[in-house]
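From first to last, the protein sequence lines stand for chains X and R.
Per the numbering used here, residue 78 is the first one in the first sequence, and the count goes up by one each step.
Per the numbering used here, residue 2 is the first one in the second sequence, and the count goes up by one each step.
Just below is one structure, and these are the notes that go with it.
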Amino acid sequence: MIELLEARYIYLLVMVLLAIGLYGVLAKTDLVKKVIGLTIFSSAIFLFFIEGSVQAGATAPVIDERGIDPNLYVDPVPHLLILTAIVVGVAVIGVALSLLVRVYRAHGTFDESVIAERLAEADRAAGATSAPDRSPGLPGEDDPGTAPGDGGTA
Amino acid sequence: MSQLPVLPLLSLLVGAVLALLAGVWRAWAGQAISVVVTGLSLVFGAVGLVVVVRDGPLTYDFGGWPPPIGIEYVLDPLSAFMVTIVALIGLLVCIYPVDAAFGLQPERGTPLYPLVLLVLTGLTGVMLSGDLFHLFVMIEIYALATYGLVSLGGDRGVLAALRYLLLGTVGSGLYLLGVGFLYFSTGTLNMADMAASLPPIADNPAVLGAMGLIVIGLSLKMALFPLHVWLPDAHSAAPPGVAALLAAVQVKAAAYALVRILFDVLGPAYLDTGGLPVSTALVWFGLAGIIVGSWLAIRQTDLKRMLAYSTVAQLGYIGVGIGLASPIALIGALLHVLNHALMKSGLFLVAGGIIQQTGLKKIPRFTGLGKQMPWTMAGFAIMALSMVGIPPLAGFWSKFYLVWGALEVGNWVVAVVVSTSSLLTLVYFVRLFEQIFVREPVEAVVLEAEEPGPRIVGTVGVLALAIIAVGLFNAVLVSQVLGPVATRMLG
C-alpha cells in the first residue's frame, strides 16, 4: 500500500484536484468561483495525462545515438493531446469570462442565487400584469434586443 | 470518392469562414452562404448514405497517415444517417428567417450564421470521427459555438449559457479522462484499433473505469436524466431557431457517441459483465427521465420551456433504447433520434412563428391561434400527434420498436412505461390543442396575427411532410439502414 502510494502519489494529487474542482463547480454559488473550479478540474485532467506518459529513465522522444528502444523515450502522444486540450480549455475559459462580464453588467453581482431570485421575481411580476408580453423591455421576458453576439466570438 | 467522408464537414467549415467574412460586408450574405453550404453538406451526406449502404464503409486518412497513427474519418451507414439528419435540420434553420430564428435583425458582422455553421461542423465531426480524441475536440467545437448562440437569448440566455458551459465542460472533461484511461490501457486512440486490442484485457479495471467516466460524461452532454439540469434553461432561453438546432441535433451527437463507443469500441460484452451495470443504469435513468420530464413539461406554461422539458423526456427514450442493448431496441433508439429531430425542431420553429406574429410565449394566451395561422398550426398538429405516437406518423414507430425490443428482452417495466408515457405526452399537447383549435380568438394580438411568411410555413411544412414520409416509408429506412447497423453492432 505504502509502495503503491509512493509510486503513484501524483494520481492521488490528481484525484484531490478533481474533487476540489468539482466541488467548486457544483457547490459554490459565486459564478467566478465556479469558473475557477472548472480550471482546477481541467488542470487535474492535464496532469493525469502527463503523469501517465512518465517513464523512469526515459527522455524526450527525439531519436539519437541511444537507438530506437522505446523504453528510452517518453510517450509523446499524451503531451500532444494535452497541448490540444489546453488550447481548447483556453477557448472555453475565454467564453466563460466574456459571459461573466455580461452577467456582471446586467446584474452587478456574481452570486448565482441572487441572480436566479431576481429572474424568478421578474417572472412573477410579468405573470401578474396583463400587458402583452411582446413589449421588449418587459421584465421576465427574454429581451432579444440586448447586445447580440457578445461573448460568442471569443 | 475516397474524399466523401470529409466533404460534409469541409463544406460546413469553409462555409463558416466565408459566412463570417461575408457577414462583415452584408448581413444577408452570411445567411445565403450558410444555406448553400448546409445544402451541399446535405447532398454529400445523402449521397454518402446511399453509397455506403450499397458498397460498405468508406474511410479517409488525414494527411495520408494511415489509421493507428493518423486521424481517420469513417463514413458508415450510421454516421452517414446522422450526418444527413444534422445537415437537413441545419439547412432548414438557415432558411428560416433571421428575425424569428434569433429574435433580432443582425447587424453587420454579427456572427450568427458562422456560429450556426460551427455548431454543425462540430456535430458532423463527432459523427465522422474514427478517433476518440478527435471526437473530444469536435465535442468542444460544437459546444463552444453553442454557448455563443445560447447567450443570444438576452439576460436569461447569458446565465443559461454560463451554467451550460460549466456543466458541459465538466462532461467533456470526464469523457477526456475516460479516453485517457483507455489510451493508457491500450496505447491507441483509433476506434477500430482499440476495439481490436480491448478483448485481451477485458477484466482490466481501468477499462471499466473508463467506461463509467465516458458514459457519465456523454450522458451529461446528452442531458440524460438526472444530468439534464442545464438543458431546460439553455433550450428555453435560446432564440427559437437556435433551440430547434440544439434540441434536434446537438444533444443527439452525444447519444451517437455513446452508441458508437459502447457498442463499436467497447463491444456489447462490456455492458453489464461483472463490474459496471452500465446498460441497466441507462435503462432505469432513461425511464425516470421519461416520467419526470413529461411531468415537468405538463406543469409548464411557457411553450418553449414545455418543449425543453419534453426534450428531457424524449431523450429518456433514446437512453432506454441504448441501455436495452438489443438490436430491435437500438433500431428504436436510432429511429427516435431522427423522429425527435424532425418533431422537436418543427415545434420550436412553430414557436418561433408564433413569437414573430404575436409575441406570445405563454400557452394560456394562445387562444384561437388555429383560426389565424391555419397552415402553421396544421404543421404543429402533425408534429404534436407524432410526439404522442399516433400511427402512422413517425413518432409511433420508434416507440413501437422500443416496446418490441423491451418485450424481446423480457423487460416488462420498459414496455409498460414507454406505452403509457404516450398518455403523459398527450396531456401536455391536449391543452395546446384546446387553446389553439377549439376556442375562439379573444386577445387583440391574436386577432391581428396572420399566417407567417412562406419561409416559416415552408420549413415547418417540410418537417411535417418528412414526419409523414418517415412514418409511411419506415420499413425502407429500417430494412436498408438501421436494421443492418443494429445487427452489426449487437447481432
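All residues carry an ideal CB built from backbone N, CA and C; glycine is no exception.
Q) For A144(R), which residues from the same chain have a beta carbon less than 6 Å from its beta carbon, with the 5 sequence-adjacent residues on both sides left out? A) Along the second sequence, one-based indexing puts residue 144(R) at 143. The residues are G169.
Q.
Do G406(R) and I329(R) have their beta-carbon atoms positioned less than 7 Å apart in this structure?
A. As a first step, residue 329(R) is located in the second sequence; it is residue number 328 there, counting from the start. As a first step, residue 406(R) is located in the second sequence; it is residue number 405 there, counting from the start. In this structure, G406(R) lies closer than 7 Å to I329(R) by Cβ.
Q.
Counting only beta-carbon separations shorter than 7 Å, does L19(R) have a partner in chain X?
A. Taking the second sequence and counting its residues from 1, one reaches residue 19(R) at position 18. Chain X contact via Cβ: absent.
Q.
Out of L478(R), I291(R), V250(R), Q373(R), which one is the CA nearest neighbour of V120(R)?
A. Here residue 120(R) refers to the residue found at position 119 of the second sequence. Ranking the options by Cα distance to V120(R), first place goes to V250(R).
(Q) With H, G and I counted as helix, E and B as strand and the rest as coil, what does DSSP make of L228(R)? (A) Numbered from its first residue, the second sequence carries residue 228(R) at position 227. Looking at L228(R) - three-state DSSP - the assignment turns out to be coil, as it is neither helix nor strand.
Q) Apart from the five residues on each side of it in sequence, which residues of its chain come closer than 8 Å, Cβ to Cβ, to L5(R)? A) For the purposes of this step, residue 5(R) is taken as residue 4 along the second sequence, with counting starting at 1. The residues are F45, V48, G49, V52, L59, Y61, L76.
Q | Contact with chain R by P209(X), beta-carbon distance below 7 Å | A | Numbered from its first residue, the first sequence carries residue 209(X) at position 132. Any reading at P209(X) needs caution, since the residue's pLDDT is 43, under 50, leaving its predicted position unreliable; the model's value is listed next. At least one beta carbon of chain R lies nearer than 7 Å to the beta carbon of P209(X).
Q) Do you know offhand how far I159(X)'s Cα is from I127(X)'s? A) Here residue 159(X) refers to the residue found at position 82 when the first sequence is read from its first residue. Here residue 127(X) refers to the residue found at position 50 when the first sequence is read from its first residue. A direct Cα-to-Cα measurement between I159(X) and I127(X) gives close to 8 Å.
Q) Does the distance from the C-beta atom of L221(R) to that of L214(R) stay below 7 Å? A) In the second sequence, counting from the first residue as 1, residue 221(R) sits at position 220. In the second sequence, counting from the first residue as 1, residue 214(R) sits at position 213. Not closer than 7 Å, so no.
Q: Look up N340(R) in the DSSP assignment and say whether it is helix, strand or coil.
A: Sequence index remark: in the second sequence, residue 340(R) carries index 339 (1-based). The answer is helix: DSSP assigns N340(R) an H, G or I state.
Q | Residue-level contact to chain R via CB, L82(X), 7 Å cutoff | A | Within the first sequence, the letter at position 5 stands for residue 82(X). Contacts with chain R at 7 Å (Cβ-Cβ) do not include L82(X).
Q) Helix or strand or just coil, what does DSSP make of L183(R)? A) One-based indexing of the second sequence puts residue 183(R) at position 182. L183(R): helix per DSSP, three-state reduction.
**Q.** Cβ-Cβ distance between Y318(R) and H337(R) below 7 Å
**A.** As a working note, residue 318(R) is residue 317 in the second sequence. As a working note, residue 337(R) is residue 336 in the second sequence. Closer than 7 Å, so yes.
Q) Buried or exposed: which applies to A133(X), given that a residue is buried once 16 or more other Cβ atoms fall within 10 Å of its Cβ? A) Your numbering for residue 133(X) matches position 56 in the first sequence. Result: exposed.
Q: Hey, could you find the ends of the alpha helix (DSSP H) V75(R) is sitting in?
A: Within the second sequence, numbered from 1, the residue matching residue 75(R) stands at position 74. In the DSSP assignment, V75(R) falls outside any alpha helix (DSSP H) and lies within the beta strand (DSSP E) extending over 73-76.
Q.
By the three-class DSSP mapping on this structure, what secondary structure does G472(R) have?
A. The count along the second sequence starts at 1 and reaches residue 472(R) at position 471. In the structure shown, G472(R) sits in a helix (DSSP, three-state: H, G or I).
(Q) Count Cβ pairs between the stretch 165-181 of chain R and the stretch 192-206 of chain R that sit closer than 8 Å; are there 3 or more? (A) no
Q: Identify which residue in G171(X), I192(X), G129(X), L90(X) has its Cα closest to the Cα of T187(R).
A: Numbered from 1 along the second sequence, position 186 holds the residue referred to as residue 187(R). Closest by alpha carbon: G129(X).
(Q) Quick check: L448(R) and P442(R), are their CB atoms within less than 7 Å of each other? (A) Walking along the second sequence from the start, residue 448(R) turns up at place 447. Walking along the second sequence from the start, residue 442(R) turns up at place 441. Taking 7 Å as the Cβ cut-off, L448(R) and P442(R) qualify as a contacting pair.
Q: Kindly indicate which residue of V37(R), V117(R), L124(R), D100(R) has the alpha-carbon position closest to the one of S80(R).
A: The residue labelled residue 80(R) in the question sits at position 79 within the second sequence. Among V37(R), V117(R), L124(R), D100(R), the Cα nearest to that of S80(R) is on L124(R).
Q. Going along the stretch 155-170 of chain R in order, which residues come within less than 7 Å of chain X, judged by CB to CB distance?
A. G155, D156, R157, G158, V159, L160, A162, L163, L166, L167, T170
Q | Candidates L129(R), V410(R), T122(R), V117(R), of which the one nearest L1(R) by Cα | A | Examination of residue 1(R) is not possible in this model, given that chain R is present from 2 through 492 alone.
Q. Name the chain R residues that come within less than 8 Å of G129(X), Cβ to Cβ?
A. Residue mapping note: residue 129(X) aligns to position 52 of the first sequence, counting from 1. Ordered by position in chain R, the residues that pass the 8 Å Cβ test against G129(X) are G181, Y184, F185.
Q: To the nearest angstrom, report how far apart A135(X) and M92(X) are at their CA atoms.
A: Numbered from its first residue, the first sequence carries residue 135(X) at position 58. Numbered from its first residue, the first sequence carries residue 92(X) at position 15. Those two C-alpha atoms are separated by around 25 Å.
Q: Have a look at W296(R), T147(R), M212(R) and flag the residue whose alpha-carbon is nearest the alpha-carbon of L263(R).
A: Walking along the second sequence from the start, residue 263(R) turns up at place 262. Of W296(R), T147(R), M212(R), the residue nearest in Cα terms is M212(R).
Q) Sorted by chain position, which residues of the same chain lie with C-beta nearer than 6 Å to F438(R)'s C-beta, five sequence neighbours on each side aside? A) The count along the second sequence starts at 1 and reaches residue 438(R) at position 437. Result list for F438(R): G371, in chain order.
Q) Run through DSSP, which three-state label would D146(X) get? A) Taking the first residue of the first sequence as 1, we reach residue 146(X) at position 69. DSSP places D146(X) in coil when its eight states are reduced to three.
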